[in-house]
Amino acid sequence: MRTTVKNIIAKYNNDKTRLMDILIDIQSQYGFIPEEAVEVVAEETVLSKVDVVQTLSFYHFLSQKPVGKYAVYLNDSVVANMKGRAEVAKAFEEEAGCKFGSVTSDGMIGLHNTACIGMSDQEPAAIINDVIFTNLTPLMVKEIVQKMKKGVTASEMIKLKGEGQNGSALINSMVFNNIRKSGPVIFAPYDGGSSLKKIIKMTPREVISEIKASNLRGRGGAGFPTGLKWDFCTKTPGPRYILCNADEGEPGTFKERVILTEVPKLLFEGMAIAAYAIDAKEGILYLRAEYKYLKAYLENTLQEMRDANQLGKNIEGKEGFDFDIRIQFGAGAYVCGEESALIESAEGKRGEPRNRPPFPVQKGYLDKPTVVNNVETLCTVVKIINHGAEWFTTMGSRESNGTKLLSVSGDCEFPGVYAIEWGMRVRDLLEMAGTENVQAVQIGGPSGICIGPKDFKRTISFEDIPTGGAIMIIGKERNLLKDVVLNYTNFFIDESCGSCVPCRAFTVLMRNTLKKIIDGKGVKSDLDNLVDWGNKMKIANRCGLGQTAAQPILTTIENFREKYVELLQEDTKYELGFDMEKAVAASCAYVDRIPNL
Amino acid sequence: MSNPIVATTSLAGCFGCHMSLLDIDERILQLIDLVEFNKSPIDDIKTFTKQCDIGLIEGGCCNSENVHVLKEFRKNCKILVSVGECAIMGGLPALRNGIPVQECIEEAYLNGPTVGNNTTRILPNDDELPMILDRVYPCHEIVKIDYHLPGCPPRADLIWEALVALVTGGELNLPYEVVKFD
Amino acid sequence: MSEKIKFTIDGKECFAEQGQNVLDASRDNGVYIPFLCHVKGIKQAGSCRVCNVKIAGRTMTACTTPVAAGMAVENDTPELRDLRLAIIEALFVEGNHFCPSCEKSGNCELQALAYKFQMMVPRFPYQFPQKQVDAENAKILIDRNRCILCKRCIRSFKDEKGRSLFAFKSRGHKLQICIDEECAANITDEMAQEIMNICPVGALIKKEKGFNEPIGTRKYDNKPIGSDITSVI
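Protein chains in written order, with the numbering used here: chain L, 4 to 600; chain Z, 307 to 488; chain E, 3 to 235.
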């Protein structure tokens, strides 16, 4: 084992900043990261063992215990549950003979829960040994487990393949794109490499000016002006880096998966433009582990671009325009979608967001000035260069130029990707998606807002309801508090990095109070507490995750207060949360007596 | 005009807080002028004979009897005060919280070094005995508690000052060194 | 010598060195901004969030914010006092902080802050989490029941090769502190004392050491935390 592990480490030059890659490779080699491997990694990279464990224990898909020869990661998101996840999970447990959170005694099958895997338009879905299985039914599960028992590999189990590039040899996946509205920007036809031919005739300043003139704002959700970000980055001496954030972990988001499947060259071209503008030589695509099935395809795409002189040395013949990209995989941590956490992760550390200042544009990857842009943003850049800033500003609303990709899922007839112009009314979107009897719409994922019909006249735009793109539609029949709010709150509990006290502790305390209310034991003060604690979280935490972790509770109390109020009890001198019968049950059972209450 | 009536009890506590109450030294004479005691170990009145103004609770709840007594206090006292760490947060008995109650019973009656020769391996299950709760509960998780006086035990001065303020309706201005958790 | 920067805390005129953070600067000006995770001279963690202050309407941690000329810092306001108290109370309930049995009682910064903010009982229900005690190391005992995950130990102790003595394990509410067996194999008594001193609570305890000072005469028994700062000027 030592030799194998040493070879893996040597592949990354014994560089501790590549710890993520090292650990990911070891995990796929052994199905876990054995104690001995931790020792070797520590020795070879000059870290202490606790340093190595610090990184590895942070990530959901890295484990110190075997996860099963077939490691099943079944999505446990709100939408997955809407679409019949419970029956699928039950089928897995019955067929495999073990419960979720455990591995069969022969080590063959491991069943694990996981957060949204970016397949909300085709749930229930699971990842088995990096292969995606979508639209699962109990019957399919039965077949899958039987094949596992026969030793069929996960990729051999794929019969029906998705449309577009999903069916190509290098992806070979059953995932569907479901592009419902392709729009005039990202999915519009284009001539690969044309923007590069154009920018080499411009100065980097001119490129930045063009992007500034387009009013392009970051598509990740925060909406920071892209041109300004690039400009700031050039103020600090290099080397500079361009990082693309493809960690789309916000439950309900999947549009980047579709971009990476259908137009990856557009993205890489966008990174090259950014690199030209800020004079970066190296770029990193930080890709969530859930999309590992795209690895071979994306590596091949990069190679094709190198061969076409769209990446590498003297790009498009321009002397000194050198830029190349490597793919950095994550390993299961939502918080790594926060740009400074993403940088930490790319440096081989636990994905804990950094304090600001300094900002990544001043001191980012390896402490050098770094631009972190979202996938959609960088793709849009290419089209702006091609068609000009003016073309771009004709689309969208006052403060939000251009188009936005939305990932629509939940209770609707046509889940999938919609490219809309900013400023569209929620009501119109719902109509397009084929909905009726809508109770609520979650816009921007759990960290966004939950609105009811009275707000469907509002628009999707930076000036009204900004969003990174996740739209989840919640039908009348759903239990909003139990099925949605509780799930989201648990999601934030699992995904908090744990550094800030108000995020680490308040999330749990708020979940418990929410459960108390759902269980019909809450009183008015519990509701008031939720609002007070939630508002504290908004202001007291360091990063976006912590600041928005109370959003599911806060925005539903704001927009669906009656759903809480109807569960509240009259306040008395006695605590409703205490249940004597429950409290004595275990001890009475153990000493064999009937409780006399 | 009659004096305000005070009741006290020790639930899952060690009586240390009651000792601390007695630690007010000569002020105990003032106290007797100030209040009348009802149900309390201090005067050995076992059951409530009238509605009380103030109930002082020492100890948290580790069994059904503690819960019962605490609820009695809530019913019979206008104001309830958690006195000491055990009442406030379970205290020393709450060290068992987090350990399954089965294991606690096993340790206490079967396996512990002080068990002796329980050769019949009997576990106490008589109906007369209080039932053990799954964990030790702070008092305010069972009934509403109006005031909390921390300390292990709370300093005598804290109990005294708080009691006087409650009885006289005066303002409570505590010096820094009086409120301590140890 | 660079010019000192002028700024205010709750209206009081203060001066700071160029690049100095608000927390360190406040101390130099005799103003106490409560904090838990910060240690002067080592990289800020900004993780306890107790030193949150308000600057231009935004809440930010004093330890991670550099002073800027003309900055108006709000510190001792009812809103911030309540926020800080809530954070302290959350720390009390997310761990098992049984003060009467803790060696650090009276010298504990968490407890001292609770005293300062007159915490009588936390507003949150006690969680009674199950935490493990690690007594493997010859010199240091780790009692995770009391750990507030401030990272002071992680940030303070590296060996000559830059390897960490302490590190986190896991994330979120499962986060815990670990000690490296190899790096910590030969720590001296002096270092063990240093480790115990840097820990704001009683999570890192030097083994084989009794109580030197009785309860009642310890650091925060009679004087609130921060008195040493406010009494300077």
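Every residue, glycine too, gets a C-beta built ideally from N, C-alpha and C.
Measure from the C-beta of residue 133 of chain E to each C-beta in chain L and report whether the shortest distance is under 9 Å. no
Closer than 8 Å at the beta carbon, the chain L residues around residue 175 of chain E: 496, 499, 501, 507, 508, 510, 511
Helix, strand or coil at residue 478 of chain Z [DSSP, three-state]: coil
Assigned secondary structure, residue 141 of chain L (DSSP; H/G/I helix, E/B strand, else coil): helix
Assuming the contact rule is C-beta atoms closer than 8 Å, residue 98 of chain L and residue 148 of chain L should be a hit. Round their C-beta distance to whole Å, please. 4 Å
Using a Cβ-Cβ cut-off of 8 Å (strictly less than) and excluding sequence neighbours within five positions of residue 3 of chain E, which residues of its own chain qualify? Caution applies to residue 3 of chain E, whose pLDDT of 48 falls short of 50 and renders its modelled position unreliable; the value that the coordinates give is listed next. There are no such residues.
For the region 3 to 60 of chain E, list the alpha helix (DSSP H) runs that are entirely contained and at least 4 residues long, ordered along the chain. 24 to 30
State the DSSP-derived secondary structure class of residue 76 of chain L, mapped to helix, strand or coil. strand
Measuring straight from C-alpha to C-alpha, what distance separates residue 551 of chain L and residue 81 of chain E? 20 Å
Quick check: is the beta carbon of residue 353 of chain L nearer than 9 Å to any beta carbon in chain E? yes
Nearest by alpha-carbon distance to residue 468 of chain Z: which of Z:442, Z:330, Z:316, Z:321 is it? Z:330
Cβ of residue 399 of chain Z less than 9 Å from any chain L Cβ? no
With C-beta atoms as the reference, is residue 327 of chain L less than 9 Å away from residue 305 of chain L? yes
Within 9 Å of chain E by C-beta, residues of the region 121 to 153 of chain L in sequence order: none
Closer than 7 Å by C-beta to residue 206 of chain E: which residues in its own chain qualify, once you throw out the five before and the five after it? Chain order, please. 142, 144, 155, 197, 198
Does the CB of residue 232 of chain E have a neighbour CB from chain Z at under 9 Å? no
Give a yes or no on whether the minimum CB-CB distance between residue 580 of chain L and chain E is below 9 Å. yes
Going straight from the alpha carbon of residue 172 of chain E to that of residue 193 of chain L, what length do you get? 45 Å
Contact between the region 395 to 412 of chain L and the region 156 to 167 of chain L (3+ Cβ pairs under 8 Å): no
For the alpha helix (DSSP H) containing residue 343 of chain L, name the first residue and the last one. 342 to 349
Hey, how far is the Cα of residue 225 of chain E from the Cα of residue 231 of chain E? 12 Å
Can you pull the chain L neighbours of residue 411 of chain Z, defined as C-beta to C-beta under 7 Å? 590, 593, 594
Measure the CB-CB distance between residue 217 of chain L and residue 276 of chain L and report whether it falls below 9 Å. no
Let me confirm a value: residue 568 of chain L is counted as buried when at least 16 other C-beta atoms fall within 10 Å, else exposed. Which label applies? exposed
Taking a cut of 7 Å between CB atoms, which residues from the region 433 to 460 of chain Z lie near chain E? 441, 444, 446, 447, 454, 456, 458
Could you check how far apart the C-beta atoms of residue 51 of chain E and residue 63 of chain E are, in whole angstroms? I think they sit under 8 Å. 6 Å
Along the region 117 to 144 of chain E, where does the CB come closer than 9 Å to a CB of chain Z? Name the residues. 117, 118, 120, 121, 122, 123, 124, 127, 128, 130, 131, 132, 133
Quick one: grab the DSSP three-state call for residue 254 of chain L. coil
Report, in whole angstroms, the separation of the C-beta atoms of residue 556 of chain L and residue 533 of chain L, which I expect to be a contact under 8 Å. 5 Å
So, under 8 Å CB-CB, residue 330 of chain L and residue 262 of chain L are touching, yes? Tell me the CB distance rounded to an integer number of Å. About 15 Å separates the two Cβ atoms, so there is no contact after all.
Is there at least one Cβ from chain E nearer than 9 Å to residue 43 of chain L's Cβ? no
Name the two residues that bound the continuous alpha helix (DSSP H) containing residue 83 of chain L. 81 to 85
Please report how far the alpha carbon of residue 346 of chain Z lies from the alpha carbon of residue 411 of chain Z, in whole angstroms. 30 Å
Endpoints, alpha helix (DSSP H) assigned at residue 119 of chain E: Segment: none, residue 119 of chain E is in no alpha helix (DSSP H) and carries neither H nor E.
Counting only Cβ-Cβ distances shorter than 9 Å, please list the residues of the region 475 to 486 of chain Z near chain E, keeping chain order. 480, 482, 483, 485, 486
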